[in-house]
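Peer 1: A single structure is presented below for examination.
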Amino acid sequence: MDSPKKVSIQKNEYDSTTKILVQIGIQQTRANIDQNLPLRKWLYSWLLDPKIDNNFQKNVDSWISTLIILNLFVLVFEHVPAIFEPHKHLFHFFDMFSVVVFTIEYFTRLCLAVEDEEFKNSKYPYLKYITSPFAIIDLLSVMPFYLQAFISIDLRMLRFLRLLRILKLFRVLIPAYQEFKLMNQGRTFRQKIHALVFQSMYGGSLQSLFDTFIVVWVVVSVIAVVLESVFAISYILNIQFIMLDTVAVGVFTLEYCMRIYSCVEEPGFEKAILGRFKQAKKGACIIDLLAILPFFLEAFLHHLLDLRFFRVFRLLRLLKLTRYTGATSTLTTVIAREWPVLGASAFIMLLLVVLTASLGYLFEHEAQPEKFENIPQSIYWAVITLASVGYGDISPITPMGRVMTIILALLGIGIFAIPAALLSSAFTDQLRIERETLKNALYDMLSDGIIDENEADIINREAKRLHLSEEEVQRLIEKAKYDRELKDDIAGLPLHKIAATPAHAVEHFKTLMSQIRQLGIMTDKAEFEEVALSNAGLTPKELGLWHFINKA
Amino acid sequence: MNDNNPVKNPALTLPDIIFIISVIAILMFLGWSGSVAYSEGVKTETTKRNGEEWASWLTQAGTERFNTNYVTSECAPTATISNTDTNSTDTKSIPRTWGECLKAIMTPPSSLAALTNPFFDTPITFGAKCDHDDESLTGLMILEKLTPTPSGSALPFTTSKLVESDRIDQKMQIRITVCDNEAFPIFIAEVEF
C-alpha cells in the first residue's frame, strides 16, 4: 500500500498553490476521514467507499485484480505437468494464499455491507448483500476450495470452478463501464471507440483499464517471445506459446483496427481516408502494425518463404509501450532538432572510417593479406578501433600501421563521442523547453485564477509525461503565479507592452490621472504655476490640461 | 446528464457496420489461423512424445540388453549360433546389428511399433536430417550414433546416422531428434544404448 505522500510545505504556507495542487489531483494526501467514526463505518470509509477520494478503495481493488490475474496464469501453468508436478506444493500454497485473501475480502465486504448505500436501506442488509451478484461471484471463487475438504471433486471441475475467480474482475469493470456509458451518452459508435482507445475527456476509468490491458498483454507477449527462445522452456510450453501468441495478436489487431477506424475523431485527422492514412503513417501506428504483421505474413506466406526470422520482430511489441511514456517522443524531437549537427557528425565519422580502413589496408595488406584483404574488409577493423571496442581479432602488426592506429584511435574517442554529447545536451535542453512550455501554460491557465477540469487534466498529463514531482509542479505553479502577479502590476511593465493591450492602456491612463490629481493636491500650487510658466516649464496647452484635471 | 431522460444513442451508420463486420472477419481468420497452428502444435507435441518414448525404451534397453536372456533378443549385443562347419556342439557369438534390433522394435507386440507419425498417420519413419524445404520430412525421427573422438580433439564426438549395418555389440551413445511441423529439428535426448 502506498504511504500517503505529503507536500513539503509549512502549515502556514497552505495557500492557493496547495489548493491548486489538490484541485489537479497531483497532491496525494490521504482522505480526511473522521477518526471518531464507529469502527465499522470507519473501516468502510477507508477500505470500500468508492465515493471518498484518496482512501484505500482503489488500492484494494487493484491488489485484488492483480491476484485474480495471477490466479489465471497459475491455472494455465497447472495444466503443464512438467511445471506443475515438481512445484505442486508451491501451487498449493499460492492457492491457499489466494483463498485466504479472497475469504477475508468476502467477510470484510459482508461485515461492512450495512454501511453500503446499496444495502443499508434494506430490511435485511446482510441477506441482500449475500444474494447480490458480486457476492455470489466472490463466494463461488472460494467455495470449491472449502468444498473439496468434504466432497471429492474432480480435479478438472475444481479447476473450472476456480476459473470463476476471473469474474471477480467485474467488480472493477462494471463501474468503469457504467461511468463510460454515462460519459458517452448520445455519442456515436465511432466516438465511443475513440473515447476507449485514445486519450480524451470521455474515456474515464475504462480507457485507463483498456491501456492497462494492452500494457499487460505487451509485457506478457514479449516475455513469452523471450522465453520461447529458451529451448528447455519452449520444449515444455510450445502449445501454450502458440495459444498466447494467437490471443495477443487478436488483442493487438483489434486495438489497431479500433485506432485506425476512430482516428478521424482526433483533431487533424478528420478526413475519412487521408486522416486514416495520416494516422497509419504515425510512428506509434507503424509499431502497432509491426507487432501483428509477422503473424499474418507467416499465416499467408509460410508455404512460399521461410519467415521464421520474422518472429523475432514480435519483440517490437515492446515499442508499443512508448505510447504510454513521453520520454521517447522527447528523444525523437531531440534527434529531429539536432539532425543537421548529427548528420555532420555522422559524415565526419564516415570519412574517418573510410580513411582509417584505407590506411589500414595500405599499411597492413602485405603483412596480413588474409585479415586486411581489401578496403571493405578493413572497415570492420576501422569501426571496431575508432569506436574503442577493440575486439582484438584483427590488429595491425607493422610499425606504420600501429602508429596510424594510435593516432586514429585517439581521434576516434573525440569524434565518436560528439553525437553522444550532442544528444545529451539537446535532451537536457528539450526537457528545459518542455518545462518552460508547461510553465507558460500554467501562466495562461492562471489568468482567470481558476483551473478547470480540462486544465487540470492537461497539467496532470504533462506532469506525468515530464516526470515532474509534486515539488516541481508546485515550484512551477509558484513561478507562474509570481509572473502573473507581476503582469497584473502593469505599472512595472514597459510602455509599449501596456499599449499593446487596450485594457491595460486604459488602466494605466486611469492610474496616471489619479497620480496627476494626487500631485495637484500635494504640491504647492503657486510655485507649480511659477515654474510651469517659466522657460523650462509647460506649454500653455499642457498647463490648461493640468488646470482641467485638477478642477474636475 | 439527466438519468431520468437519457440521451438516445445514435444508430449505427454504414461505416460502423462495415467496421464491425471487418473486425469480425479478421478475428475469425485469426481464430482459424490459431486453430491450424494449435493442431500443428499438437502434432509436434505427439512427435516429441514419440521421441521421448523411443528415448525411454532405448535407455531401458541400454541397461538390460547386456544381461543374459534379454527379452528382445534381437537387441542383445551378440547372437549365439551353433558351429555348422564341424559337427560339434560348439557355439559361437556373432555381433548383432542395429537392423535386426530395429526390425524387432518395429514389430508388434513391441510398444514402439504402435507409434505413428501424426502428420501423415503412418508408422514412424527414420531419416538422416530434417530439411525445412521438404515437407514430407515432418514427424521424421533421426537416430544418430555418437562416436567419441580421441582426447584433445576440438569436438568431443562425431555424429553419423545410425544405419542398419551398425554393430550393437558394445554400449553406444544415440542422439534422438525429431522433425517438427515445419521440418525443423527438435532435439529429444542423448541416450546410452
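Residue numbers (my numbering), protein chains in the order written: chain A, 389 to 940; chain B, 27 to 219.
For glycine and all other residues, C-beta sits at the position ideal for the given N, C-alpha and C.
#1: Could you spell out the range, first to last residue, of the alpha helix (DSSP H) harbouring A/S529?
#2: Please state whether the Cβ-Cβ distance between A/A770 and A/T744 is less than 8 Å.
#3: Chain A partners of B/D147, CB-CB under 9 Å?
#4: Where does A/I452 fall in DSSP's three states?
#5: Quick one: residues in its chain with C-beta nearer than 7 Å to the C-beta of A/M792, no 5 flanking neighbours on either side, listed in chain order?
#6: Nearest to A/L796 by CA position, among A/E758, A/A829, A/V604, A/T773, is which residue?
#7: Note down, one range per segment and in chain order, each alpha helix (DSSP H) of at least 4 residues found wholly within the segment 620-682 of chain A.
#8: Applying a beta-carbon distance threshold of less than 8 Å, which residues of chain A neighbour B/N207?
#9: If you reduce the DSSP assignment to three classes, tell me which class B/E218 lands in.
#10: Which bits of chain B does A/Y649 rub up against, with CB to CB less than 7 Å?
#11: Would you list the one or two residues that DSSP bridges to B/F152?
#12: For the segment 724-734 of chain A against the segment 707-716 of chain A, do three or more pairs of beta-carbon atoms, one drawn from each stretch, fall closer than 8 Å, so that the two count as touching?
#13: For A/I846, go through chain B and note every residue whose CB falls closer than 7 Å to its CB, in chain order.
#14: Mind listing the chain B neighbours of A/F577? Cutoff is C-beta to C-beta under 7 Å, in chain order.
#15: Closer than 8 Å by beta-carbon distance: list the chain B residues that pair up with A/C645, in chain order.
#16: Starting from B/C205, trace the beta strand (DSSP E) both ways and give me its first and last residue.
#17: Tell me the residue span of the beta strand (DSSP E) that contains B/A184.
#18: Measure how close the beta-carbons of B/F219 and B/A87 come, nearest whole angstrom, since I'm counting them as under 8 Å.
#19: Does the segment 48-60 of chain B come close enough to the segment 639-656 of chain A that 3 or more CB-CB pairs lie under 8 Å?
#20: Output needed for A/G925: all residues of its chain with C-beta closer than 7 Å, excluding positions within five of it in sequence on either side, in chain order.
#21: Could you check how far apart the C-beta atoms of A/N626 and B/T70 are, in whole angstroms? I think they sit under 8 Å.
#22: Between which two residues does the alpha helix (DSSP H) holding A/P469 run?
#23: For the segment 569-626 of chain A, which segments carrying the alpha helix (DSSP H) assignment without a break, of at least 4 residues, lie completely within its bounds, in sequence order?
#24: Report the start-end ranges of each alpha helix (DSSP H) in the segment 717-783 of chain A that is 4 residues or longer and not cut off at the edges.
#25: Can you grab the Cα-Cα spacing for the pair A/G800 / A/A419, in whole Å?
#26: Do A/K556 and A/E503 have their beta-carbon atoms positioned less than 8 Å apart in this structure?
#27: So the alpha helix (DSSP H) B/S65 belongs to, where does it begin and stop?
#28: DSSP on B/N143, reduced to helix/strand/coil?
#29: Taking C-beta pairs closer than 8 Å, name the residues in chain A that B/Y64 reaches, listed in chain order.
#30: Using a Cβ-Cβ distance cut-off of 8 Å, determine whether B/S59 contacts chain A.
#31: Once DSSP output is grouped into helix, strand and coil, what is the label at A/R497?
#32: In angstroms, rounded to a whole number, what distance separates the CA positions of B/A180 and B/L172?
#33: I need the DSSP call for A/I421, collapsed to helix, strand or coil.
#34: Where does B/S162 sit, in a helix, a strand or coil, going by DSSP?
#35: Taking A/I806 as the reference, give the member of A/L597, A/H475, A/G731, A/L864 with the closest Cα.
#36: Assign A/S540 to buried or exposed, taking buried as 16 or more other Cβ atoms, counted over all protein chains shown, within 10 Å of its Cβ.
Peer 2: With the structure as the only source:
#1: 521-535
#2: yes
#3: In chain order: nothing, as chain A lies at least about 20 Å away.
#4: helix
#5: L747, F751
#6: A/T773
#7: 662-669
#8: Those do not exist, as B/N207 stays about 10 Å from chain A at its closest Cβ, beyond 8 Å.
#9: strand
#10: F45
#11: B/M167
#12: no
#13: Per Cβ cutoff of 7 Å: no residues; A/I846 is ~23 Å from chain B at best.
#14: L38, D42
#15: Those within 8 Å of A/C645 in chain B are F45, S48, V49, I52.
#16: Element bounds for B/C205: 199-205.
#17: It is worth fixing the name first, because residue 184 of chain B is Thr in this sequence and not Ala. For B/T184, the enclosing beta strand (DSSP E) covers residues 183-187.
#18: 6 Å
#19: In short, these stretches touch, since the Cβ pair count reaches three.
#20: V919
#21: 7 Å
#22: 469-472
#23: 577-585, 592-616
#24: 727-752, 763-774
#25: 59 Å
#26: no
#27: 40-90
#28: strand
#29: In chain order: I627, I630, M631, T634.
#30: yes
#31: It is helical.
#32: 15 Å
#33: Note: A/I421 maps to coil in three-state DSSP.
#34: helix
#35: A/G731
#36: exposed
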